[in-house]
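Residue 934 is where the sequence shown starts when you use our numbering, and the numbers rise one by one after that.
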Amino acid sequence: MLRWGSSRVRSHPRLSRTFRGEHPTWSKVVGVKLRKAYLVVALLLAASPLFLMLSDMMGYHEPLDLAAEALGLKDASEEVNWTPFFDYTVPGLPPALGYVVAGAVGTALVVLLSRVLQRMVK
């Protein structure tokens, strides 16, 4: 059994930090978690064209689009376009690549806004 005062605990690299006063700071712990979160987001962005192609192969349509068609509503999305990337496409790029670029820009904007708000709160 290890006791806190024993030399085995003091020589252990993970446990000896507490004796030297080297506690990891909150920002370092959060920084590691943020790096992992950014990696997960990057992997999801890279995999997004796969899901786009799968939805096309399966014939998936948005449920609200189907409901609008059933009600006979007119599609006004092309007349009223307030988004920078209409239908998640980038002019001049293939649809799958435009989908990734639009997702990356949207994700970057959300991260940037959250970082700005985080600094304002500090």
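All residues carry an ideal CB built from backbone N, CA and C; glycine is no exception. Predicted model only: the values in this text are computed from it and were never measured.
- Only buried fits G1031, as 16 or more other CB atoms lie within 10 angstroms of its CB.
- The way I'd put it, the region 975-982 does touch the region 1033-1045; three or more beta-carbon pairs between them come closer than 8 Å.
- By alpha-carbon distance to A1003, the top candidate from H994, E1011 and S1010 is H994.
- With a contact defined as Cβ atoms closer than 8 Å, G1036 and S981 qualify at about 6 Å.
- Here the C-alpha atom of A1000 lies approximately 15 Å from the C-alpha atom of S1010.
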